[in-house]
Amino acid sequence: MAFTFRGGTHLNEHKNTRKCSIEILPPPKYVFIPMSQHIGVQCVPGVKPGDHVDKGQIIGEVEKGLGCPVHASVSGTVSEIRSVNNAMGAAVNTVVIENDFQDTVYKDVHPFEKSILDATPEEIVEVVRKAGIAGMGGATFPTYAKISSAIGKADKLIVNCAECEPYITANHRLMLEHPERIVGGVKILLKAFGLRTGMIAVEDNKMDAVKAISEVDYDPELIRICVMKTKYPQGDERQIIYALTGKELPAGKLPADLGCVIFNAETCAAVYNAFTTGMPLVERIVTVDGDCVKKPGNLLCPIGTPFSVLIEHCEGDLSQIKTLIAGGPMMGFAQWDVNTPVIKGTSAVLAMSKAYEKKGHAVHSSCIRCGNCVANCPMHLLPRDIYKHAISGELDACEKLYATSCVECGTCSYNCPAGLELTQYIRTAKSKIIEQKRAAAKKAAEERQKAALEAMKVPQAEADDRKPKEGENK
Amino acid sequence: MNAPDSKPHLLTVSPSPHMHSPRTTSIVMLDVIIALVPLLIWACYVFGMRALTVTVITVGSCVLFELLYCLIMKKPITVYDLSAVVTGLLLAYNLPVTIPLWMPVLGAFFSVVIVKMLFGGIGKNIVNPALAGRAFLMASFASAMTVKTLSARLGLFGSVTDEMILSGATPLKAVLQNTGETTFDFETVKSAFIGYESGVIGEVSGLLIVLGLVYLLIRKVITWHIPVAYIGTVALFAYLLPPSGFARFDIYYTLTQVCSGGLLLGAVFMATDYVTCPITKKGRLIFGVGCGLLTVLIRYFAGNEGVSYAILTMNLLTFYIDKITVPRPYGIIKEKKKASKEAAK
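In order, the protein sequences belong to chains A and B.
According to our numbering, the first sequence is numbered sequentially starting from 1.
According to our numbering, the second sequence is numbered sequentially starting from 1001.
Encoded structure:
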């Protein structure tokens, strides 16, 4: 019996690239490295135009707060620093490097000095932080922060190899071709948490990858492979936790609160690379697919490669593209610029000649109450009711229906026969509710502060009143 | 040398998801139509070609009224979603083959314009349009709506003469009032299930209705909850507590009652109407059991219009069933438990 969860849909998988082995992209002439490729604070560029940089050299560092450093992904000269729209649609300070094709490696890049068995958790966190590793499944949460916040709490380490989004096969190929990197990464992470066993969670459409991992030389007590049913969104961490542990992650809590810590497969491999070669996260595997490319494939490309280079390498016609998606078709971001650079969280680039797999005339007809959105919602919400209230702006009603629990997986919109953009309206309502709450919290804090100030002022004023009197007395 | 500037290239930017299931409202309706068509072919075989005439008139007038309404009210034309065709088919299937040909037009007007379009069109109606149309015709023209057993098949525009009408109870009457004439054995079940008995156009063949159900289930148009809960409830009562005069625990009697009257047609095609049934699976189970209980009550104590009024009544309760069956979202229970624990402290 495969592990699974309640709700969700089996999508048309479109895994056209499952047989395309990882191909190394010829290095591009220019790379565009955004200073923010993670959740948290933007990095400050540490280089200026004209500087020479080597592959693996730190070019941006977070000064304060949550974030990971950014490294040069090729060697060459910094030609300029300008604002470029990143794949999430935000304008970000970006270092443009002109490749000198020498591939010189930065002097500080060297393998971890000690045996991994002797590494302390603190050292592991530091190596991961220095390597600039962020969650490579798409959420891009800084990995060192995830590790250090879960140390002492986690009793289950889960590697997410579900890859439930259609089209994407990057993790699948990684499991097939470099299973030792994933297993090696798991060993290091287990060491950081002081755990004995890690779980590798794979969907049952990737049984060849399961075989590849089980053929790696490892202690079977070290790694348990959990085969899950192929269903979207199985790769969501809440659904993985439910499938593997039978527990629901309470709203607003982190997996670590349930003792779980979850890493993406490629993140694990990046941790392994950081220890064995010392090379920080400067390249990743990207699935390039869609009906505009003739030769879809999985490309290992430097971070900062423009999408257009990937598409042209796959014999795609840029002029035919109507929609360009960074990430999977269910949760990915549509791009307006073909030169958007690849960042740490870009698992796929999909070039489509149609706006989307559009339905006939029925787009935006009325809800017929078929119940597909309710039956398939992995969070067991009532998408259609939230949508109705969101349209009329009734945020209180949306909140009562737990709109804030929505994970924006897109299952409701996918299944809607009337073609309603349920996900988008719920997403909007959700962000408005969160905004309102923040504003209310801020206002309350301000009022508390004001009240506290006034409470301080009163004795001050009394003291002021007394002073001249004291003077008089003198 | 500077990096080349980004070339402006206009792309469509839309919110995720960028992929949609190919199923649209019209495909869903088309599936229902496909499941319904075999019933019409069987009806033409049993009752004669007049069944086709009645159906064509009903469907045609349903579509026409919706089109006219949209044109007159200057609304976007919605007939392409095929829901008017489904309403027309279901209304026709609820009429006896002997009905005067102008009556379906009136019924179609009531169904489409008054019950559906005036409430806001597809997805907004409160009760099932086809059933409401039937109830309207039943209230207005009770004798024309009564099912008669005929001695011969009717031609395309064949009219009914008094000589053709056979005396004798309809199958449903036979299972509800014990006249001592009918014994229940495998043969009665077979005849009721395959459909040689008299009835309205669509309710004759239980076999074809079950085939339609299987098709709809395979195509995932409907879920099993309503048909199973509805038919199960009625069957349970027929088995354990049949009306006075019938033996208990008689499996043949139970099956004959299930196959008689509009129960199968109603449970498979009318009660499962998306618009007028609850949206959650749990709600649909409650809805099905409610339909079953009301059908039993009406059949045992009032007469043979059980199915239509049971479903219409439950349609009115759908809103409240939805309210009490809101599912618990993922990850919410612990807070509630904690809150109640804290309250207990």
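Cβ atoms here follow ideal geometry from the backbone N, Cα and C, with glycine treated the same way.
Q: Give me whichever residues DSSP pairs with A/Lys55 in a beta bridge.
A: DSSP lists A/Val105 as partners of A/Lys55.
Q | Of the listed residues A/Ala145, A/Val202, A/Asp155 and A/Lys187, nearest to A/His172 (C-alpha basis) | A | Considering only alpha carbons, the answer is A/Val202.
Q) Does DSSP put A/Glu123 in a helix, in a strand, or in coil? A) A/Glu123: helix per DSSP, three-state reduction.
(Q) Quick check: what's the CA-CA separation for B/Ile1324 versus B/Thr1318? (A) Computed Cα separation, rounded: 10 Å.
Q.
Just to make sure I have the definition right: I need the residues of chain B whose C-beta is within less than 7 Å of the C-beta of A/Glu421. Which are they?
A. Around A/Glu421, the beta-carbon contacts reaching into chain B at under 7 Å are Pro1015.
Q) Which runs of the alpha helix (DSSP H) fall wholly inside the stretch 1124 to 1176 of chain B and span at least 4 residues, in chain order? A) Complete alpha helix (DSSP H) runs here, min 4: 1129 to 1140, 1142 to 1145 and 1171 to 1176.
Q.
Just to confirm the assignment, what range does the alpha helix (DSSP H) spanning B/Phe1237 have?
A. From DSSP, the alpha helix (DSSP H) with B/Phe1237 extends over His1225 to Leu1240.
Q) A/Met352 lies in the beta strand (DSSP E); which residues open and close that run? A) For A/Met352, the enclosing beta strand (DSSP E) starts and ends at Ala348 to Met352.
Q.
Quick check for students: name the residue ranges of the alpha helix (DSSP H) that lie wholly in the stretch 353 to 428 of chain A, counting only runs of 4 or more.
A. Runs found: 372 to 376, 383 to 391, 395 to 400 and 411 to 415.
Q | Within chain B, partners of A/Arg369 - CB distance below 7 Å | A | The contacting residues are Gly1123, Tyr1274, Val1275 and Ile1279.
Q: Leaving out five residues on either side along the sequence, give the residues of the same chain with a beta carbon under 6 Å from the beta carbon of A/Glu454.
A: Taking A/Glu454 as the centre and dropping the five residues before and after it, the same chain places no C-beta closer than 6 Å to its C-beta.
Q: Could you work out which residues of chain A lie near B/Pro1329, taking near to mean beta carbons separated by less than 7 Å?
A: Simply Met379, His380, Leu381, Tyr402 and Ser405.
Q) Would the stretch 1057 to 1072 of chain B and the stretch 1098 to 1109 of chain B be scored as touching if the rule is three or more Cβ pairs under 8 Å? A) These segments touch.
Q) Which chain B residues sit within Cβ distance under 7 Å of A/Pro166? A) Neighbours of A/Pro166 in chain B, taken as residues at a C-beta separation under 7 Å, are given in chain order as Met1019.
Q) Would A/Thr77 pass as a contact of A/Ile58 if the rule is Cβ separation under 8 Å? A) No, the Cβ-Cβ distance between A/Thr77 and A/Ile58 is not below 8 Å.
Q: Determine the contact status of A/Lys229 and A/Thr17, defining contact as a CB-CB distance below 8 Å.
A: Not a contact, by the Cβ cut-off of 8 Å.
Q | Every unbroken beta strand (DSSP E) inside the stretch 195 to 244 of chain A [3 residues or more] | A | Runs found: 198 to 203 and 223 to 228.
Q: Could you check how far apart the C-beta atoms of A/Ala274 and A/Val105 are, in whole angstroms? I think they sit under 8 Å.
A: Incorrect: roughly 14 Å between the Cβ atoms, too far for contact.
Q. CB A/Val92 to CB A/Ala72, shorter than 8 Å?
A. The answer is no: Cβ separation not under 8 Å.
Q: Find the nearest neighbour of B/Val1113 within the set B/Ala1132, B/Ile1027 and B/Pro1100, judged by alpha-carbon distance.
A: When C-alpha distances from B/Val1113 are compared across B/Ala1132, B/Ile1027 and B/Pro1100, the shortest belongs to B/Ala1132.
Q.
Quick check on A/Arg438: buried or exposed, where buried means 16 or more other Cβ atoms within 10 Å of its Cβ?
A. Of the other Cβ atoms in all chains shown, fewer than 16 fall within 10 Å of the Cβ of A/Arg438; this residue is therefore exposed.
Q.
Given this structure, state the Cα-to-Cα distance separating A/Ala362 from A/Ile368, to the nearest angstrom.
A. Unreliable positioning characterises A/Ala362 in this predicted model, as indicated by a pLDDT of 45, which lies under 50. The coordinate reading is nonetheless provided below. Taking the straight line joining both Cα atoms gives about 12 Å.
Q. What is the C-beta distance between A/Ala170 and A/Ser347, in whole angstroms, given that I count them as a contact (C-beta under 8 Å)?
A. Confirmed, Cβ separation roughly 5 Å.
**Q.** Secondary structure, alpha helix (DSSP H): runs of 4+ residues fully inside the stretch 1241 to 1281 of chain B
**A.** The qualifying runs are 1251 to 1259.
Q.
What residue range does the beta strand (DSSP E) around A/Glu266 cover?
A. Where A/Glu266 is concerned, there is no enclosing beta strand (DSSP E), although the alpha helix (DSSP H) it sits in stretches over Ala265 to Thr276.
Q | Closest by C-alpha distance to B/Val1173, when choosing among B/Ser1260, B/Phe1047 and B/Arg1023 | A | Per the sequence presented here, residue 1173 of chain B reads as Lys, with Val not at that position. For the residues B/Ser1260, B/Phe1047 and B/Arg1023, the minimum Cα distance to B/Lys1173 belongs to B/Ser1260.
(Q) Please report whether the beta-carbon of B/Ile1218 lies at a distance below 8 Å from any beta-carbon of chain A. (A) So, not an interface residue.
Q. Taking all protein chains shown into account, do 16 or more other C-beta atoms lie within 10 angstroms of the C-beta of B/Tyr1196, making it buried, or fewer, making it exposed?
A. Exposed is the call here.
Q: Report the three-state DSSP secondary structure of A/Arg82 (helix, strand or coil).
A: Strand at A/Arg82.
Q.
For the stretch 381 to 394 of chain A against the stretch 246 to 257 of chain A, do three or more pairs of beta-carbon atoms, one drawn from each stretch, fall closer than 8 Å, so that the two count as touching?
A. Between the stretch 381 to 394 of chain A and the stretch 246 to 257 of chain A there are fewer than three C-beta pairs closer than 8 Å, too few to call the two in contact.
Q) How long is the line joining the alpha carbons of B/Thr1183 and B/Tyr1252, rounded to whole angstroms? A) Rounded to whole angstroms, B/Thr1183 to B/Tyr1252 spans 9 Å at the Cα level.
Q.
Run through chain A and tell me which residues come within less than 7 Å of B/Arg1023, C-beta to C-beta.
A. Near B/Arg1023 (Cβ distances below 7 Å), the residues of chain A are Pro417.
Q) So with Cβ pairs under 8 Å, would you call A/Tyr387 a contact of chain B? A) No, no contact with chain B.
Q | Distance, A/Phe141 Cα to A/Val47 Cα | A | Between A/Val47 and A/Phe141, the C-alpha separation is close to 24 Å.
(Q) Just to confirm the assignment, what range does the beta strand (DSSP E) spanning A/Gly297 have? (A) Annotation: the continuous beta strand (DSSP E) that includes A/Gly297 extends over Gly297 to Pro302.
Q. Are the CB atoms of B/Leu1036 and B/Gly1206 nearer to each other than 8 Å?
A. No, these two residues do not count as a Cβ contact at 8 Å.
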